[in-house]
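Enquirer: If you count by the numbering used here, then the sequence shown holds residues 1 to 178, one letter each, in order. Ideal placement from N, C-alpha and C gives every residue a C-beta, glycine not left out. Sending over a structure as structure tokens; questions will come in a sec.
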Amino acid sequence: MRNLAFIIIALCTLALPALAAEPAPDVPKKAEVPFREDSGLITAEYYLATGKYAQALDVIGGVLARHPGSADAYTYRGFAYERLGEVKKAKESYTRALDLDPQHLGANRYLAGMYLKDGDLARAMDVLQVIRMTCGDVACQELDELQAEINRYKAGQKDVPVGQSRGLTPRNHSYYQN
1 MRNLAFIIIA
11 LCTLALPALA
21 AEPAPDVPKK
31 AEVPFREDSG
41 LITAEYYLAT
51 GKYAQALDVI
61 GGVLARHPGS
71 ADAYTYRGFA
81 YERLGEVKKA
91 KESYTRALDL
101 DPQHLGANRY
111 LAGMYLKDGD
121 LARAMDVLQV
131 IRMTCGDVAC
141 QELDELQAEI
151 NRYKAGQKDV
161 PVGQSRGLTP
171 RNHSYYQN
């Protein structure tokens, strides 16, 4: 009987480290952590939302080095460049995002806003249709914002003040749909 108790204790002692090494079933393993949470995009969003565009570009550069196929990162980079007045780099970044994901709501939205600033209503209207088709029957902030900006443009208010309608609106970007 003493030997049986010893064997049971020994087996339990050997099994404990193996059980402790396995994460609880509801705790995701590193590979299962969503891209957005593990990539630096949350930090970039913070910097963009607080007007720290140069810091955002530093973070986004790191994200793109690790994830060169991220349409979200290119969109954020375009947003930062646009706010810094680097129009050519902003358009290039938005265009690259759309090369990766032609239906990316943020990239389409921000690029259409740049078309309006350039006086190109026709291209902005084309993008509005892309956003409308992408959103379908679902309420879509990017669609509402762009439609409002186009309406202001048509009414003669061609320059939208910073912070009105063109703020950072990361919801509905592709990382929420993965």
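1. What's the C-alpha gap between Leu84 and Gln147?
2. So which of Leu100, Arg66 and Glu45 has the shortest CA-CA distance to Tyr76?
3. DSSP state of Gly186, grouped into three classes?
4. Which of the three DSSP states is assigned to Leu84 in this structure?
5. Grouping DSSP H, G and I as helix and E and B as strand, with all else coil, what is Thr50?
6. Would a C-beta distance cut-off of 7 Å place Tyr115 and Ala124 closer than the cut-off?
7. By DSSP, does Gln157 sit in helix, in strand, or in coil?
8. Measuring alpha carbon to alpha carbon, tell me which of Val87, Leu48 and Lys88 ends up nearest Ala73.
Expert: In terms of the structure at hand:
1. 24 Å
2. Glu45
3. The structure shown does not extend to residue 186, since the chain spans only 1 to 178, so no value can be given for it.
4. coil
5. coil
6. yes
7. coil
8. Leu48
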